[in-house]
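Below is one structure, written out as structure tokens; the observations come after it.
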Amino acid sequence: MISLKQKDEIKVKFERKISDLVININPIATVIAYQSDKPFLVIIDDIDKIDIALAKDIFQAHIKALFQPSFNIVMTIPISALREVSLVATLQT
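So the number in the working numbering is just where the residue sits in the sequence shown, counting from 1, plus 45.
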């Protein structure tokens, strides 16, 4: 189990390093797409199992970061998120 302190450290590192992550991951995706001669798709599963508060944080506070990579991403979301009006509005824009 991850402690609260560890979660906070991960969150801080993620927030600070998202641009570095995108800078490093885009060229990797480009090489894979070029070598395979197929589009590159990342599927992130099990997000639907996280707490709704964390889902709101990811999909509202960090929504722009999720669209920075230059490849397609499919993500699962918690079904309970569909009851959150503000979250649904963010996801639809």
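In this text, a Cβ means the ideal position worked out from N, Cα and C, and glycines have one as well.
Computed from a predicted model, the values in this text were never measured in an experiment.
- DSSP places L86 outside any alpha helix (DSSP H); the residue lies instead in the beta strand (DSSP E), whose first and last residues are 86-89.
- With a beta-carbon spacing of about 5 Å, D93 and P123 fall inside the 8 Å limit used to define contacts.
- With 16 or more neighbouring CB atoms inside 10 Å of its own CB, L132 falls in the buried class.
- Contact between the region 78-87 and the region 103-112 is absent, with fewer than three C-beta pairs closer than 8 Å.
- Under the DSSP definition of a beta bridge, V119 partners with I88.
- In the three-state DSSP reduction, I73 falls in the helix class (H, G or I).
- Residues of the same chain with a CB within less than 8 Å of the CB of F104, apart from the 5 flanking positions on each side, are L111, I122, A126, L132, T135, L136 in chain order.
- For L111, the enclosing alpha helix (DSSP H) covers residues 108-111.
- In this chain, the alpha helix (DSSP H) harbouring T135 covers 130-137.
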